[in-house]
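Report on the structure given below.
Numbering (the numbering used here), first residue to last: 224 to 322.
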């Protein structure tokens, strides 16, 4: 759901998985009308790219606007994620972290 060519154009945008859409907006999120344009608050940011591969959590609440929903990543994928953000936001949140 959403336009892949423009979904992350705005730094305040976020694209979420179907699992996250269901968790926060209910099982009928598609039938209830679009969730595009709704606010989604990220509270704790996690990264597996911390020191020596350790998970790192940063508490930095921030509101984003949902601009897309993607199908869940297959369980056999080596990459696991539930949200996609503009890279500028990720760099800003984790800028103080040194590897």
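Cβ coordinates follow ideal geometry from the N, Cα and C atoms, glycine included.
Take the alpha-carbon of residue 293 and the one of residue 283: they are about 24 angstroms apart.
Taking a contact as a CB-CB distance under 8 angstroms, the pair residue 310 and residue 237 does not count as one, their CB atoms being some 13 angstroms apart. In this structure, residue 304 places its C-beta atom within 9 angstroms of the C-beta atom of residue 240. Per DSSP, the beta bridge partners of residue 285 are 265. For residue 258, the three-state secondary structure derived from DSSP is coil. Straight-line measurement puts the Cα of residue 286 at about 10 angstroms from the Cα of residue 261. DSSP places residue 242 inside the alpha helix (DSSP H), whose first and last residues are 241-248. Taking each of 232, 224 and 301 in turn and checking the Cα distance to residue 244, the smallest one comes out for 224. Counting the other Cβ atoms within 10 Å of the Cβ of residue 230 gives 16 or more, which makes it buried.
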